[in-house]
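Undergrad:
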Amino acid sequence: MRKSGCDDTQGWVIKPHRWVEQWRELYPSKAAQCVATDLGAPLRTVEKWFSGESKPSFEYWGPILNRYGLAFVVGAMSAPLPYLDDLAREDRKRRLLAERQAIDVMLAEDWQRRVGS
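Residue numbers (our numbering): 177 to 293.
#1: Determine, using beta carbons only, whether A207 and W199 come nearer to each other than 8 Å.
#2: Report the start-end ranges of each beta strand (DSSP E) in the region 181 to 238 that is 3 residues or longer and not cut off at the edges.
#3: Taking the beta carbon of G251 as the centre, do at least 16 other beta carbons fall within 10 Å, making it buried, or is it exposed?
#4: Can you have a look at W225 and say buried or exposed, based on whether 16 or more other CB atoms are within 10 angstroms of its CB?
#5: Going by C-alpha distance, which of F248, S233, G292 and E235 is nearest L202?
#6: If we ignore side chains and look at the alpha-carbon of each, how far apart do I279 and Q288 end up?
#7: With DSSP as the reference, label R276 as helix, strand or coil.
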């Protein structure tokens, strides 16, 4: 039987301060405002998340997952189940590869400008 007040429910416990840390990395300036815009949430609500006054309610978990991805959500779990951790790593890898491809395209365009000039 599970103890009352136990801090972990098979890895599903979300540590909201970890989301806040990730948001601050994504948005070094006006993070709360950017997150509120991304999620369609009231700014005051998001400011409360950032201050630790409150946590995102379950209604925001879907928008958070859809906007920031599985790796973002799993990154805030205290002890994610191994299969979720694996899926999050794959999601993170896909995003990094997409960024890498975008950088390669930019570098190729820059090279063509230099050679073409």
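All C-beta atoms, glycine included, are put in the ideal place defined by N, C-alpha and C.
Fair warning: this is a prediction, and the values are worked out from it, not measured in the lab.
TA: According to the structure shown:
#1: Yes, the Cβ-Cβ distance between A207 and W199 is below 8 Å.
#2: With a minimum length of 3 residues, no continuous beta strand (DSSP E) run stays inside the region 181 to 238.
#3: Burial call: buried.
#4: Under the 10 Å beta carbon count, W225 is surrounded by 16 or more other beta carbons and is classified as buried.
#5: Taking only the C-alpha atoms, the option nearest L202 is F248.
#6: Between I279 and Q288, the C-alpha separation is close to 14 Å.
#7: DSSP, reduced to helix, strand and coil, places R276 within a helical segment of the structure shown.
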